[in-house]
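Novice: In case it helps, numbering that gives the first Met the number 0 puts the first sequence at residues 0 to 158.
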Amino acid sequence: MNGQILSGRIIEVEAYLAFEDEAAHSFKGETKRTKSLFSEPGIAYIYSIHQQVCFDVVCTTPTSVLVRSLEPIEGIELMKELRGKVNLKDLTSGPGKLCKALGITKQHDGIDLVNSEIYIVDDGFKSTEIIKSKRIGISKAQHHEYRFSIESEFLSKKT
DNA sequence: CAGACGATGCACT
DNA sequence: GTGCATCGTCTGG
0 MNGQILSGRI
10 IEVEAYLAFE
20 DEAAHSFKGE
30 TKRTKSLFSE
40 PGIAYIYSIH
50 QQVCFDVVCT
60 TPTSVLVRSL
70 EPIEGIELMK
80 ELRGKVNLKD
90 LTSGPGKLCK
100 ALGITKQHDG
110 IDLVNSEIYI
120 VDDGFKSTEI
130 IKSKRIGISK
140 AQHHEYRFSI
150 ESEFLSKKT
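#1: Do residue 78 and residue 90 come within 7 angstroms of each other at the CB atom, strictly closer than that value?
#2: Using 8 angstroms as the Cβ pair cut-off and three pairs as the minimum, do the region 90–103 and the region 43–62 touch?
#3: Looking only at C-alpha atoms, which of 122, 132, 117 sits nearest to residue 13?
#4: What is the residue span of the alpha helix (DSSP H) that residue 99 lies within?
#5: Measuring straight from C-alpha to C-alpha, what distance separates residue 26 and residue 0?
#6: So what does DSSP say about residue 67, is it helix, strand or coil?
#7: Please classify residue 40 as buried or exposed, where buried requires at least 16 neighbouring CB atoms within 10 angstroms.
#8: What alpha helix (DSSP H) runs, 4 residues minimum, are completely inside the region 8–41?
#9: Kindly indicate which residue of 148, 149, 136, 20 has the alpha-carbon position closest to the one of residue 61.
#10: Would you check if the region 67–81 and the region 0–10 touch, i.e. whether three or more CB-CB distances between them fall below 8 angstroms?
#11: Just to check my reading of the structure: residue 5 and residue 101 have Cβ atoms closer than 8 angstroms, yes? What is that Cβ distance to the nearest angstrom?
#12: Taking the C-alpha atoms as reference points, what is the distance between residue 44 and residue 17?
#13: Output needed for residue 36: all residues of its chain with C-beta closer than 7 angstroms, excluding positions within five of it in sequence on either side, in chain order.
#14: Check whether the Cβ atoms of residue 127 and residue 144 lie closer than 7 angstroms to each other.
#15: Looking at residue 38 and residue 136, is the spacing between their C-beta atoms short of 7 angstroms?
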């Protein structure tokens, strides 16, 4: 962003299935808001909730993965600037937070995540363990264990 | 147009 | 852990 690289390691995600998942936005069918979900795989689905925005990666439409938490790697100072003065551990520890920290807005909704200014790469990091747990912050279908996180020094600092 | 809702963040206990 | 502010989007009239 602005010639500055902002990067972070994804340490927590949640999966949202196509139609059998009552909590997914795709459950009620396509709307103006969810059109990116039904568009094509490999793009970003960015939606607003309350005063925040959340960032999804569309898999097989309309199935998506919500990026819940990030470990800041590059551009930390700029992230702090974008977020306002916050502690490092709070910089990207939530869907809305990480979007603001990375400068992601709704104008990025539906963009290609391979050839755009926002992209995901494999940094070769091998997690020792994938932690599976129940999803958080939703009112429906909470029993599904579609929340996945990885071991991280950053994560252990939080707790 | 009015009303309801939410994949949140923040302050507080 | 709990409660609430707050606003874009969806739905119904």
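Note that CB positions come from ideal geometry on N, CA and C, so glycine has one too.
Please read all numbers here as calculations on a predicted model, not as lab measurements.
Specialist: Result, derived from the coordinates:
#1: yes
#2: yes
#3: 132
#4: 94–100
#5: 34 angstroms
#6: strand
#7: exposed
#8: none
#9: 20
#10: yes
#11: 5 angstroms
#12: 14 angstroms
#13: 24, 25, 44, 57, 60, 61, 63
#14: no
#15: no
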